[in-house]
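One rule links them: number in the working numbering = place in the sequence shown (from 1) + 177. The C-beta atom is built at its ideal place from N, Cα and C for all residues, glycine as well. The structure presented is a predicted model; accordingly, all values stated were derived computationally and were not measured. The next block holds one structure in the form of structure tokens; read it before the comments.
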Amino acid sequence: MPQITVIEHLLYHQKESPMATGRFTRLLSEMILSGKIINQEVNKAGLVEILGLTGETNIQGEKVRKLDEFANQVLVHRLQQAGVLCALASEENADLILVPEDCPRGDYIIIFDPLDGSSNIDANVSIGTIFSIFRRISTGEEPVTLNDVLQKGARQVAAGYIIYGSSTMLVYTTGNGVHGFTLDPSVGEFLLSHPDIKIPERGKIYSVNEGYWHYWDQATRNAVDYFKNPDNDSKRVYRSRYIGSLVADFHRNLLYGGIFLYPADTKDPACSHGKLRLMCEANPLAMIVEQAGGMATDGINRILDLQPKELHERVPLVIGSKLDVLQVEKFMRAGAASG
Ligand code: P6P
Numbered sequence: 178m179p180q181i182t183v184i185e186h187l188l189y190h191q192k193e194s195p196m197a198t199g200r201f202t203r204l205l206s207e208m209i210l211s212g213k214i215i216n217q218e219v220n221k222a223g224l225v226e227i228l229g230l231t232g233e234t235n236i237q238g239e240k241v242r243k244l245d246e247f248a249n250q251v252l253v254h255r256l257q258q259a260g261v262l263c264a265l266a267s268e269e270n271a272d273l274i275l276v277p278e279d280c281p282r283g284d285y286i287i288i289f290d291p292l293d294g295s296s297n298i299d300a301n302v303s304i305g306t307i308f309s310i311f312r313r314i315s316t317g318e319e320p321v322t323l324n325d326v327l328q329k330g331a332r333q334v335a336a337g338y339i340i341y342g343s344s345t346m347l348v349y350t351t352g353n354g355v356h357g358f359t360l361d362p363s364v365g366e367f368l369l370s371h372p373d374i375k376i377p378e379r380g381k382i383y384s385v386n387e388g389y390w391h392y393w394d395q396a397t398r399n400a401v402d403y404f405k406n407p408d409n410d411s412k413r414v415y416r417s418r419y420i421g422s423l424v425a426d427f428h429r430n431l432l433y434g435g436i437f438l439y440p441a442d443t444k445d446p447a448c449s450h451g452k453l454r455l456m457c458e459a460n461p462l463a464m465i466v467e468q469a470g471g472m473a474t475d476g477i478n479r480i481l482d483l484q485p486k487e488l489h490e491r492v493p494l495v496i497g498s499k500l501d502v503l504q505v506e507k508f509m510r511a512g513a514a515s516g
């Protein structure tokens with residue numbers, strides 16, 4: 178395969194998307210540079226004093242790790258340098274991050290999880306940066322408010338993730354298919370390796386933390402039970418695979434086919450609507466999976482149709498191969514109907 182960079186692919190190989198204005202290219206270029214910088218630190222984390230905790234707690238109530246903070250700082254700084262943003266939001270920051278007045282600005286908004294799954298980094302498990310890009314709704318000059326940011330996922334103009342694993346990959350969409358680029362350290366570029374990714378209509382993998390079985394409602398238990406014992410006549414067997422790192426679990430299922438579930442549970446009041454965040458995790462992965470031919474719901478409703486009410490609101494997530502997501506929906510609707 179000829180060496181095609183991300184920007185070359187955006188400009189010359191995707192249908193003439195509204196993204197070829199040059200402004201989106203600036204933003205994507207800074208995301209790419211951020212990924213390379215973070216990749217360097219993730220890959221040597223065990224060698225330098227960057228593992229461990231900072232002693233702080235983030236808005237999610239989670240212990241902040243030095244790598245989380247490093248990744249967050251890199252992304253906030255670099256993305257603002259693109260000069261095309263009016264606001265940023267990070268899973269690590271309670272509030273909206275406004276672009277300083279003296280910084281060139283534009284009408285893009287980016288929402289990201291700087292390093293999802295970072296609690297796994299000490300064990301050398303793949304982790305990832307997830308991002309979601311919108312355009313501001315109001316074009317007024319007034320300062321950006323949350324109303325500009327709290328948009329349905331269906332209004333995203335782009336979404337993607339960088340997975341720091343056995344290789345480092347950028348997977349993203351601008352609404353013209355899903356494309357994967359692998360970082361070639363010898364040239365320091367992400368090069369096209371997975372053009373036009375499509376997820377199999379039905380998978381052979383289900384990913385869920387079954388340790389929470391006793392905290393689920395009956396509909397969820399019935400849905401998970403199905404994957405343990407599918408329709409008898411199909412002789413279909415599903416394998417259980419759960420890494421506990423969303424980007425790693427999602428990426429494997431995207432390529433191989435399968436379903437990932439993080440249902441609502443009663444183990445932690447903060448997770449009564451699921452653990453994962455709508456704006457910086459569910460929305461971007463939902464755009465990607467739909468562009469790849471899959472589905473993403475909260476069990477019943479399409480993720481991309483959900484109207485966010487808060488920046489960090491959580492949502493149950495069922496995402497992956499279309500027929501498997503529809504199978505879960507049947508159980509969830511039956512549960513809802515039986516009250
Ligand atoms: P649990 C990592 O902390 C994370 O946010 C996701 O990457 C992952 O899918 C999930 O939490 C794992 O959560 O409760 O199964 O440990």
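Inspect the beta-carbon positions of S309 and I339 and report whether they are closer than 9 Å.
-> no
Hey, V219 and L252 are a contact pair by Cβ (cut 8 Å); roughly how many whole angstroms apart?
-> V219 to L252, Cβ: 13 Å. No contact.
Would you please state the rounded distance, in angstroms, between the beta carbons of K376 and S498? I believe it to be under 8 Å.
-> Reading off the sequence shown, one finds Ile at residue 376, where the question assumed Lys. Yes, they are in contact, since the Cβ atoms of I376 and S498 sit about 6 Å apart, within 8 Å.
Measure the C-alpha to C-alpha separation of T306 and N297 and round it to an integer number of angstroms.
-> 14 Å
At what residue ranges does the region 458-516 contain a whole run of the beta strand (DSSP E), taking only runs of 3 or more?
-> 472-474, 494-497
Leaving out five residues on either side along the sequence, give the residues of the same chain with a beta carbon under 8 Å from the beta carbon of N324.
-> I314, S315
Below 6 Å CB to CB, which residues in the same chain sit around I181 once its five sequence neighbours on both sides are set aside?
-> L369
Does DSSP put R418 in a helix, in a strand, or in coil?
-> coil
Using 8 Å as the threshold, is the region 255-268 in touch with the region 416-432, meaning 3 or more CB pairs across them?
-> no
Beta carbon of K329, beta carbon of D482: below 9 Å?
-> yes
Helix, strand or coil for E387, going by three-state DSSP, please let me know.
-> helix
N301 vs N270 beta-carbon contact at 9 Å | no
Alpha carbon to alpha carbon, how far is M509 from N406? Give it in angstroms, no decimals.
-> 17 Å
Based on the DSSP output, what are the partners of H356 in its beta bridges?
-> Y349
Backbone secondary structure at Q435 - three-state DSSP = With the sequence shown as reference, residue 435 is identified as Gly, and Gln is not the correct amino acid for it. It is coil, neither helix nor strand.
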